[in-house]
Structure formats: C-alpha cells, structure tokens
Ligand SMILES: CSC[C@@H](O)[C@@H](O)C(=O)COP(=O)(O)O
Ligand SMILES: [Zn+2]
C-alpha cells in the first residue's frame, strides 16, 4: 500500500507546487482504488479522507475511484472546508459529512464513504426508518463499540443538499448517549464509517457491509429476539 508513497521522497516532490502531504494523499488514493476493486465505489461514487495536522486530505469530487492518484486529492480546513493549498480540484461533494465526523469525534482519523450494495439495500428497506439495529451478530464486535450485542446504526434520508445530511449527523451524534457507533447509513445512497486510521475505518466498512449481507441472507431483519448475549 505504501509502495507508491515511498516513491514520493523529499528529493522527488510532487510536480504541483505547495501540495505536500504525499503520504496521506497516497493513502487516500490507494483506499479508493481498493474499494473500487471490491465493487463498493462504482464509477465516481464514494469518497475517502484522513485527518492531518492542518485539516483533512479528501478525495477530489467526481474522480473515477478505480484510477485515483495522489493528484486526485485536496487538502481542506477542518473548520469550513476551504482548500488550504490553493488547489483547483473541488473536494468531495460529501466533504461536509467528513468534516462533521472529525469535528464531533476527536479520535476519528479517517472516514470512508462507499456505495456498498448490501448496506445500501438494507438502508433503503421499509424496516430502516431512523436506524438499523444489529442484534446478537458476532461480527458487530468489529465496530469496536462497548456493547456489540446491540448495535444501532443511524439511517439518514438522502438529500441533494449534503450539508443537511451532515447537520442530521451532528444532531444525532450530540444526542446519542455514550460513544458513537462509528457508522452511518444514507437511504438509497450508501454507507460511511470512520476509525482512528484508514485501516480501521475500512475494516468497519467491511463489517457493516457483511452485517447487512447477513441480515439479508437471514431474511431481511436486522434485529431479532434472543436471550443469549455476546
Ligand atoms: C456517482 S454519483 C455519487 C455522488 O453523488 C456521491 O454520492 C459520491 O459518493 C461521490 O461524490 P464525490 O463528490 O465524487 O466524492
Ligand atoms: Zn455517495
């Protein structure tokens, strides 16, 4: 994963002046390509970011995720999302959601958004009003929550005004008691997860996608009645 990054040694700077952060840019691009290969970022769908000392590095908007390179990333400020390095690329259309996570969850170091099919299907079903609860699924432990025996992932309405989705997320995170479940679903759209780094955020994405797949295989109900606890 870091092979291309190592090539960006200080003696071989990026061609564009003042762009910096080659390691983080490379990580974001690599994650996009990997998730594209899994079929979770079809076409230009999906976006990835990591927190940096000065803000975040995020995928540029509208780029084909299967051929992402470091140049297809933008560094933006944490407070208002303004590009910090004078780059002309537009940051992801979903930058406001990424920024909401970083602002509300101090330990979040990476955010991944994908159009993974099973998660999107579960988020769009009639039983997914407000949240999808995963009860007594072993794999829920992969989300790193204190009580994996019942994990409720919030489901937000899809809106063309993306900052409104970010606003819904902020309201949810502030209202939720205890540590937040590091995932959200957007109805008829996709799934977003976060973690301390890209590895953790991506692992959690895999867990949510597989949990949703298992739920569908089990008959379409995320929650069920059972005495046993994990
Ligand atoms: C292929 S359309 C998908 C977009 O509308 C959006 O949901 C998405 O995931 C990618 O947006 P982007 O602005 O490229 O980060
Ligand atoms: Zn999307």
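In UniProt numbering, the protein residues as written are 1 to 230. C-beta atoms are modelled at their ideal positions from N, C-alpha and C, and glycine is treated no differently.
According to DSSP, which residues form a beta bridge with residue i?
i           : result
residue 135 : 150
residue 74  : 58
residue 191 : 114, 185
residue 83  : 76
Do you know whose CA, among the options, lies nearest residue i's CA?
i           : options            : result
residue 176 : 187, 197, 154      : 154
residue 204 : 148, 162, 165, 167 : 148
residue 206 : 118, 166, 84, 152  : 118
residue 104 : 144, 137, 178      : 178
If residue i sits next to residue j, beta carbons under 8 Å apart, how far is it from one beta carbon to the other, in whole angstroms?
i           : j           : result
residue 50  : residue 24  : 5 Å
residue 235 : residue 114 : The structure shown does not extend to residue 235, since the chain is modelled only from 1 through 230, so no value can be given for it.
residue 183 : residue 208 : 5 Å
residue 33  : residue 66  : 6 Å
residue 116 : residue 191 : 5 Å
From residue i to residue j, what distance separates their C-alpha atoms?
i           : j           : result
residue 197 : residue 173 : 20 Å
residue 98  : residue 111 : 6 Å
residue 96  : residue 30  : 22 Å
residue 76  : residue 108 : 16 Å
residue 43  : residue 218 : 30 Å
residue 62  : residue 91  : 9 Å
residue 232 : residue 187 : Residue 232 lies beyond the range of the chain shown here (1 to 230); nothing can be said about it.
residue 181 : residue 69  : 30 Å
residue 133 : residue 212 : 10 Å
residue 140 : residue 71  : 35 Å
Does residue i come out as helix, strand or coil in the three-state DSSP assignment?
i           : result
residue 158 : coil
residue 218 : coil
residue 52  : coil
residue 145 : coil
residue 30  : helix
residue 184 : strand
residue 114 : strand
residue 177 : coil
residue 163 : helix
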